[in-house]
Amino acid sequence: TNANTKGEVLEAIANAYMFTKQQAKNFDPLLDALTTLVDKAGPQPGFVVVLEGLPCTQKFDKEARETLLDVFRDAVEFWSERRVPYRVFYSFA
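Dropping the structure here:
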């Protein structure tokens, strides 16, 4: 996508997962949607997530990128505790 801001990045992730905008309007609801919400849907075979071209812009700075990656690290830990494979690959634009 052509996401350049935190809101645009979160919206792109919400669209990819078919989450509501509310579920990905900030980092905390995104983590909840990636973990608890999906877990409640039933058994999961595993996940491969590709975050390609994360922006390196003033409106999505290093702190925002690190926070987003922390959300996905926490999701990896959540699913690991449930013995569900969860892999995340990412690149920067």
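In terms of the numbering used here, the sequence shown is residues 1 to 93. The beta carbon of each residue, even a glycine, is placed where N, CA and C say it ideally should be.
In the three-state reduction of the DSSP assignment, G7 falls in the helix class, which pools H, G and I. Secondary structure note for R73: its alpha helix (DSSP H) is the uninterrupted segment K62 to E81. In the three-state scheme derived from DSSP, where H, G and I count as helix and E and B as strand, V48 is classed as strand. By the Cβ neighbour-count rule, F92 is exposed, with fewer than 16 other Cβ atoms within 10 Å of its own. Ranked by Cα distance from D70, the first of F60, D28 and A12 is D28.
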